[in-house]
């Protein structure tokens with residue numbers, strides 16, 4: 184399933200709550216991509232992750248980070264893992280969390296905003312319905328993103344984006360942009376689902392997000408989409424590679440001593 188040739192993102196839309204995503208329920212045998220990739224997802228040569236037996240359900244892993252979260256000089260960043268090919272090349276996209284949101288609102292550098300920004304980046308990376316997906320699963324270790332998108336934001340929209348004591352919902356601009364993408368995809372018969380995964384599933388996206396923060400001091404004053412092509416990381420995340428090599432070395436030395 185080749186990436187679409189679409190190079191320009193669609194206009195941003197503020198979601199109205201017309202469509203709400205649901206949680207993804209994985210098959211019981213599904214395994215993390217970095218630990219047991221062959222058994223988790225059936226990869227296609229064009230670098231997509233899809234469910235075994237259902238090539239029309241795609242999956243993207245997302246993560247957000249914020250160095251000094253809640254302290255002076257916070258720096259947020261987001262990362263996504265888009266897929267991998269049979270040679271072990273991992274495809275990622277990443278960026279700094281901007282100082283302004285998608286509709287021009289000022290946005291603080293926080294962990295929650297970075298996590299939301301990652302999910303929004305995943306939805307806007309491609310025009311996914313062109314790839315014949317009927318479902319796109321956003322996998323993240325963020326409880327805030329998964330529970331917010333499937334549960335509590337629905338209640339807040341019904342109350343005009345107000346919390347129990349009348350305070351405004353945090354990060355409304357990113358929530359509205361996220362739901363805007365979901366509503367646009369629904370019009371093209373593609374559903375979006377959210378799946379909370381363990382952090383060890385998300386090492387690659389997390390590494391990409393951290394690298395984006397470490398490599399740039401400039402958060403940027405305007406929202407910026409990332410489109411194809413994206414960066415490629417050969418093999419696994421460096422820390423994952425080190426653990427594997429250490430385990431392999433230990434196993435080999437044990438065999439020799441035996």
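Residue numbers (the numbering used here): 184 to 441. Every residue, glycine too, gets a C-beta built ideally from N, C-alpha and C.
Which residues does DSSP list as the beta-bridge partners of residue 416? In the DSSP assignment, the residues bridged to residue 416 are 273.
Residue 336 - DSSP class collapsed to helix/strand/coil: In the three-state DSSP reduction, residue 336 falls in the helix class (H, G or I).
When the Cα atoms are used, what is the spatial distance from residue 243 to residue 346? Computed Cα separation, rounded: 30 Å.
Residue burial classification, residue 339 (beta-carbon count within 10 angstroms, cutoff 16): Residue 339 should be labelled buried.
Does the beta-carbon of residue 301 have 16 or more other beta-carbons within 10 angstroms, so that it is buried, or is it exposed? Buried.
Going by CA-CA distance only, name the one from 310, 331 and 382 that's closest to residue 359. When each option's Cα is compared against that of residue 359, the closest is 331.
Counting only the same chain and skipping the five closest in sequence on each side, list residues whose C-beta sits under 6 Å from that of residue 294. Cβ within range, chain order: 249 and 252.
Measure the alpha-carbon distance for residue 374 versus residue 361 and round it to whole angstroms. Per the coordinates, the alpha-carbon of residue 374 lies some 13 Å from the alpha-carbon of residue 361.
Considering only residues of the same chain and omitting the five flanking positions on each side of residue 378, which have a CB-CB separation below 6 Å? Once the five neighbours on either side are set aside, the close Cβ partners of residue 378 are 207, 320 and 322.
Nonlocal neighbours in the same chain, by C-beta distance under 6 Å from residue 450, ignoring five residues either side: As displayed, the chain neither begins before 184 nor continues past 441, which places residue 450 out of reach and without an answer.
When you compare only the Cα positions, how much space is there between residue 222 and residue 270? At residue 222 the pLDDT is 33, less than 50, meaning the model places this residue with poor confidence; the figure from the coordinates comes in the next sentence. Approximately 16 Å between the Cα atoms of the pair.
Under a three-way DSSP split, which group does residue 238 fall into? Reduced to three states, the DSSP call for residue 238 is strand.
Decide if the region 401-414 is in contact with the region 272-279; the criterion is three or more beta carbon pairs, one per stretch, under 8 Å apart. Contact holds: three or more Cβ-Cβ distances are below 8 Å.
Helix, strand or coil: how does DSSP classify residue 368 here? In this structure, residue 368 counts as helix in the three-state DSSP scheme.
Compare the beta carbon distance of residue 409 and residue 304 with 8 Å and say whether it is the shorter of the two. Closer than 8 Å, so yes.
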